[in-house]
């Protein structure tokens, strides 16, 4: 199941990413989600979504209406996910700082994930800070999935070198 790594047993108030489904499930999040960059709150919502997929920390999506889109510039980067379709990427700009491909979106997701159409996700390692409620986010290792790790989830998490074969 998890190569030589063992599933961490969740404690009270925690979830194991190994209990998440595949294909992924999208669910609404009532917690306040915040993204900070260059001294600004560039995204904040209580109307977000989280995408749950086996072995990955949740990826949080924020409605475009709750993102400082005036701080985003389209990138030429594109990737394809077998479940979500083609992702477009966005460079974040604030003050004199730029973070290339800091956010992504799915402009034409499949019907089961239609709520992603007008939402953006942010890499926690390409901004200054992210929060789920009052919980600080730690970035998922690697540069592929972009999950947000909080004290609410346990792994091990896919993404770091040596985990691709899980």
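Numbering (full-length UniProt numbering), first residue to last: 1 to 166. Just so you know, even glycine gets a beta-carbon here, dropped at the ideal spot from N, CA and C. Only a predicted model underlies this, so the values are computations on that prediction, with no experimental measurement involved.
Between the segment 126–143 and the segment 34–53 there are three or more inter-stretch CB-CB distances shorter than 8 Å, so the stretches are counted as touching. In this chain, residue 116 is not harboured by any beta strand (DSSP E), its DSSP state being neither H nor E. The C-alpha of residue 28 lies about 4 Å from the C-alpha of residue 49. Shown here, residue 124 sits in a helix according to DSSP, grouped into three states.
Here the C-alpha atom of residue 76 lies approximately 23 Å from the C-alpha atom of residue 141. Assignment of residue 8 by DSSP, reduced to helix, strand and coil, places it in the coil class. A check of alpha carbon separations from residue 101 across 84, 71 and 9 identifies 71 as the nearest.
A residue is called buried once 16 or more other Cβ atoms fall within 10 Å of its Cβ, and residue 157 is buried on that count. For residue 80, the number of other beta carbons within 10 angstroms of its own is below 16, and it is reported as exposed. Between residue 10 and residue 137, the beta carbon gap of about 18 Å keeps them out of contact (Cβ cut-off 8 Å). Burial of residue 109 is indicated by the presence of at least 16 other C-beta atoms within 10 angstroms of its C-beta.
For the 7 Å CB-CB criterion, residue 18 and residue 7 form a contact. Here residue 62 is not near residue 46, since their CB atoms are 7 Å or more apart. The DSSP-derived three-state label of residue 18 is helix. Residue 86 sits exposed, since fewer than 16 C-beta atoms from the chains shown fall within 10 Å of its C-beta. For residue 54, the closest C-alpha among the options 161, 147 and 151 is that of 147.
Separation of the CB atoms of residue 121 and residue 94 is rounded to 18 Å, and the pair is thereby denied contact status at 8 Å.
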